[in-house]
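Asks: First residue of the sequence shown? That's 10 in our numbering, and the numbers climb one at a time after it.
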Amino acid sequence: ITIWEERKVFGSRGQLLKEEFAGKHVGNGKHSGVKVLDRTFSSHSLRRNSTGDALDKIVSSYQMLYGGQIDEDAILSRCKNAISSVDKLDKEIGGDLNP
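(1) With distances taken from CA atoms, which of Met-73, Val-95, Ile-67, Lys-100 is nearest Asp-82?
(2) Whole angstroms is fine: what's the gap from Gly-42's alpha carbon to Leu-85's?
(3) Under a three-way DSSP split, which group does Asp-80 fall into?
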């Protein structure tokens, strides 16, 4: 998250995103006008655990940045593609991402 701030990846919204990922909320205890999705994962085989919580954070942060309704399947697909790309890069350079 710190590198996002250094590179100003999210501009003025970076602080809100950082607080959202860290689980902290500024101001009056609300999400500063940000709507958090109230959804069930009936179409997904995900259960409410740490993986589900991480997915919730990704989805709510994405919604915060871009506003409006979002396509959860498209976001999940993009995340899987990103992970796959990182894994492929790791194999190509022969590195080990795990300490």
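Note that beta-carbon positions come from the ideal geometry of N, C-alpha and C, so glycine has one too. Quick caveat, the model's predicted, so the values are computed rather than measured.
Replies: This is what the structure gives:
(1) Looking up residue 82 in the sequence shown gives position 73. Closest by alpha carbon: Ile-67.
(2) Here the question's residue 42 lines up with position 33 in the sequence shown. Here the question's residue 85 lines up with position 76 in the sequence shown. At Gly-42 the pLDDT is 44, less than 50, meaning the model places this residue with poor confidence; the figure from the coordinates comes in the next sentence. Using only the alpha carbons, I get a separation of about 25 Å.
(3) Numbered from its first residue, the sequence shown carries residue 80 at position 71. Asp-80 carries a coil assignment under DSSP once its states are collapsed to helix, strand and coil.
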